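Residue numbers (this note's numbering): 42 to 364. Heads up, the beta-carbon is just placed ideally off N, CA and C, and yes, glycines get one too. Values in this document were obtained by computation on a predicted structure and should not be read as measured data.
This is the structure in structure tokens:
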């Protein structure tokens with residue numbers, strides 16, 4: 042199973058509310074898209090899938106370029122009898138979850154090509170972290186993403202008592218890995234719950250009971266910086282992040298490699314050409330193929346890989362967990 046234990050970097054919370062002052066309102070009654078101008082910028086609201094007056098909602102939304110058949114192609118073995126989460130994951134749950142974050146730019150940043158690239162990148166992580174495809178698995182090992190929705194044999198409860206004043210562990214709760222990008226530890230469940238307005242600290246099991254919530258927690262991880270001074274995986278991928286001199290010296294550049302650095306740090310990155318990193322890259326490239334995109338668009342090795350990158354947040358030697 043590819044779901045690993047998570048490091049103890051607490052994830053910062055990004056507000057999901059965009060505050061804007063409207064000046065002129067323009068509405069097109071013939072479409073579901075509402076448009077208005079805010080301080081000279083075009084803002085849109087597309088209803089349920091991209092709701093909340095955002096510049097990003099003026100772009101295509103995810104259902105415009107990523108449809109049910111593509112989801113089925115990417116995760117073709119997830120409902121096989123031997124899969125461990127048969128019937129749990131589906132396209133509608135993913136789109137419903139993504140709708141919460143599309144006004145913030147998830148899958149709606151840039152033109153259609155960048156939007157498709159981001160979905161492939163995000164799902165590349167998801168597929169790798171939830172795969173049960175090994176070796177000569179039917180359909181190939183890359184076809185088995187979304188096989189799991191939880192860690193099958195937890196080695197501990199993942200309760201860190203040093204957060205007892207902010208995210209105290211609930212009696213009887215276990216904070217093992219759950220979701221599409223598995224989250225671990227009480228402090229990460231607490232932070233995700235605050236952002237999603239769900240009591241995950243007392244009820245971490247909700248994530249393995251609701252596919253929409255499981256995808257929401259994963260997208261929240263993707264779009265939320267670990268620290269305010271650092272980029273989110275989303276910003277690092279779509280080019281919103283501008284590396285500092287220190288980032289350049291650490292060989293951190295915008296692209297897929299840095300998304301792995303943000304999500305997994307030195308548990309995966311800075312170790313050269315290791316199998317765990319290459320598994321994630323392979324899923325990403327495989328999904329690019331299935332979505333009709335070119336592997337060349339993923340960039341050269343220094344953009345695609347994090348093997349030579351220094352971690353944003355080096356792990357203290359006392360920690361032994363990995364995400």
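Quick one: is residue i buried, meaning 16 or more other Cβ sit within 10 Å of its Cβ, or exposed?
| i | result |
| --- | --- |
| residue 350 | buried |
| residue 203 | exposed |
| residue 109 | exposed |
| residue 249 | buried |
| residue 353 | buried |
| residue 167 | buried |
| residue 265 | buried |
| residue 263 | buried |
| residue 89 | exposed |
| residue 275 | buried |
| residue 295 | buried |
| residue 272 | buried |
| residue 134 | buried |
| residue 268 | exposed |
| residue 191 | buried |
| residue 159 | buried |
| residue 197 | exposed |
| residue 194 | exposed |
| residue 206 | exposed |
| residue 348 | buried |
| residue 81 | exposed |
| residue 270 | exposed |
| residue 148 | buried |
| residue 128 | exposed |
| residue 316 | exposed |
| residue 357 | exposed |
| residue 293 | buried |
Terminal residues of the continuous alpha helix (DSSP H) containing residue i?
| i | result |
| --- | --- |
| residue 201 | Run containing residue 201: none; DSSP gives neither H nor E here. |
| residue 79 | Taken as a continuous stretch (DSSP letters only), residue 79 belongs to no alpha helix (DSSP H), being part of the beta strand (DSSP E) at 75-79. |
| residue 157 | 153-170 |
| residue 286 | 286-290 |
| residue 332 | Careful: residue 332 lies outside any alpha helix (DSSP H) and carries neither H nor E. |
| residue 276 | 274-279 |
| residue 105 | 103-106 |
| residue 342 | 342-345 |
| residue 134 | 132-140 |
| residue 214 | Neither: residue 214 is in no alpha helix (DSSP H) and is coded neither H nor E. |
| residue 235 | 227-237 |
| residue 374 | No information on residue 374 is available, as it lies outside the stretch 42 to 364 that the chain covers here. |
| residue 114 | 109-115 |
Measure the beta-carbon distance from residue i to residue j and round it to whole angstroms, keeping in mind my assumption that it falls under 8 Å.
| i | j | result |
| --- | --- | --- |
| residue 280 | residue 344 | Actually they do not touch by this definition, with Cβ atoms about 11 Å apart. |
| residue 126 | residue 118 | Wrong, their Cβ atoms sit about 11 Å apart, outside the cutoff. |
| residue 231 | residue 255 | With a Cβ gap of about 17 Å, residue 231 and residue 255 do not count as contacting. |
| residue 115 | residue 331 | 6 Å |
| residue 334 | residue 157 | 6 Å |
| residue 84 | residue 95 | 6 Å |
| residue 236 | residue 130 | With a Cβ gap of about 21 Å, residue 236 and residue 130 do not count as contacting. |
Mapping the DSSP letters down to three states, classify residue i as helix, strand or coil.
| i | result |
| --- | --- |
| residue 196 | coil |
| residue 293 | coil |
| residue 95 | strand |
| residue 303 | helix |
| residue 262 | helix |
| residue 191 | strand |
| residue 219 | strand |
| residue 248 | helix |
| residue 127 | coil |
| residue 322 | helix |
Mind checking which residues open and close the beta strand (DSSP E) that includes residue i?
| i | result |
| --- | --- |
| residue 84 | 82-86 |
| query | Taking three-plus beta-carbon pairs below 8 Å as touching, is the region 215-226 in contact with the region 91-104? | reply | no
| contact_flag[the region 128-146, the region 198-217] where n(CB pairs < 8 Å) is 3 or more | no
| query | Counting Cβ pairs closer than 8 Å, one from the region 315-334 and one from the region 180-195, do we hit at least three? | reply | yes
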